[in-house]
Amino acid sequence: MDIDLREIQFLRAANSPGDWVPDIGSEIAFAGRSNVGKSSAINTITNRKGMARTSKTPGRTQQIVFFELSPTHRLVDLPGYGFAKVPKAVKHHWTRTVEHYLSERESLKGLILLMDVRRPLTELDQQMLYWSNQCAMPVHILLTKSDKLSKSQAGSSLIKVQRSVEWMEGASVQLFSTLKKHGVDTAQNRVRRWLSGR
Numbered sequence: 278m279d280i281d282l283r284e285i286q287f288l289r290a291a292n293s294p295g296d297w298v299p300d301i302g303s304e305i306a307f308a309g310r311s312n313v314g315k316s317s318a319i320n321t322i323t324n325r326k327g328m329a330r331t332s333k334t335p336g337r338t339q340q341i342v343f344f345e346l347s348p349t350h351r352l353v354d355l356p357g358y359g360f361a362k363v364p365k366a367v368k369h370h371w372t373r374t375v376e377h378y379l380s381e382r383e384s385l386k387g388l389i390l391l392m393d394v395r396r397p398l399t400e401l402d403q404q405m406l407y408w409s410n411q412c413a414m415p416v417h418i419l420l421t422k423s424d425k426l427s428k429s430q431a432g433s434s435l436i437k438v439q440r441s442v443e444w445m446e447g448a449s450v451q452l453f454s455t456l457k458k459h460g461v462d463t464a465q466n467r468v469r470r471w472l473s474g475r
């Protein structure tokens, strides 16, 4: 079955596990620091501009947002992390919610983890990798904003991150740019394979 990513539709924004979409079918989650470009990546990968709302205010979105591709296939936008001005109570809520989601969600087939190619592997990025490994969750890392660096600099960052996740089974890394549309096909293929169980 070839999944048409352009069929994406907003499904639900949830504040707590009780509001989540029923845990059936297959879904892929997108995670990353605030302002790393998660919403832009979802819009680019699905070729649906404006589907996932982008914000100039880091840390604004603290809900888990579910998008439907078909009755049994979904994309999930997790709350951004790492913005200093977010209150401690919100950070604590984010930690509990995301950890619970990663460990308990049966329909979750893989995590797309976005890192800024200029500043990858922050402490919180590494926490996400640790959680994913603990849950035996496959991770595909998008090094976003690769157009901001020279080809050589971006390549060096790619190698650095690849080496840092060699210990993880099921981890892969690529360069990605929503502006230049670099790496979009690779990311789309990864999402389709995971959703199809391949």
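In this text, residue positions in the sequence shown follow my numbering: the first is 278, and each later residue adds one.
All C-beta atoms, glycine included, are put in the ideal place defined by N, C-alpha and C.
- prompt: Which whole runs of the beta strand (DSSP E) in the segment 389-429 are 3 residues long or more, in chain order?
  reply: You should have 416-421.
- Message: Are the CB atoms of N324 and R283 within a distance shorter than 8 Å?
- Response: Going by C-beta atoms, R283 is nearer than 8 Å to N324.
| Do the segment 425-433 and the segment 396-413 make contact, defined as three or more Cβ pairs closer than 8 Å? | Touching, no.
| Nearest to P299 by alpha carbon, out of T463, P348, S316 and L420? | With distances taken between Cα atoms, P299 lies closest to P348.
Margin query: If you follow the beta strand (DSSP E) that Q340 is in, where does it begin and where does it stop?
Written below: From DSSP, Q340 is part of no beta strand (DSSP E); its letter is neither H nor E.
I322, DSSP secondary structure in three states: Look at I322 here: in three-state DSSP terms it is helix.
Straight-line CA distance for A329 to A318?
Distance between the alpha carbons of A329 and A318: 9 Å.
Who are H377's beta bridge partners in DSSP? In DSSP, H377 forms no bridge with anything.
Assign Y407 to one of two classes, buried (16 or more other C-beta atoms within 10 Å of its C-beta) or exposed (fewer than that). Its Cβ having fewer than 16 others within 10 Å, Y407 is exposed.
Once DSSP output is grouped into helix, strand and coil, what is the label at I436? Residue state, collapsed to three classes: helix.
Go through its chain and collect everything with a Cβ distance to Q286's Cβ below 7 Å, but skip five positions before and after it.
Hits under 7 Å: F344 and E345.
Determine the closest residue to P356 out of S311, A413, G302 and T421, with distance taken between C-alpha atoms. The alpha carbon of P356 has as its nearest neighbour, out of S311, A413, G302 and T421, the alpha carbon of S311.
query = Helix or strand or just coil, what does DSSP make of L472?
reply = Looking at L472 - three-state DSSP - the assignment turns out to be helix.
> How about the segment 412-425 and the segment 381-391: do they share at least three Cβ pairs that are nearer than 8 Å?
Replying inline: Contact between the segment 412-425 and the segment 381-391 is present: three or more C-beta pairs spanning the two stretches fall below 8 Å.
### Query
Could you give the distance in angstroms between the alpha-carbon of F307 and the alpha-carbon of L379?
In this structure, the alpha-carbon of F307 lies about 11 Å from that of L379.
What is the C-beta distance between V375 and A290, in whole angstroms, given that I count them as a contact (C-beta under 8 Å)? With a Cβ gap of about 15 Å, V375 and A290 do not count as contacting.
In this structure, how does DSSP classify V353 when only helix, strand and coil are distinguished? Assignment of V353 by DSSP, reduced to helix, strand and coil, places it in the strand class.
**Prompt:** What do you get for A366, buried or exposed, if any count of 16 or more other CB atoms within 10 angstroms of its CB means buried?
**Reply:** A366 comes out exposed.
* **Proximity of S303 and L472 at Cβ, strictly below 8 Å** => In this structure, S303 places its C-beta atom within 8 Å of the C-beta atom of L472.
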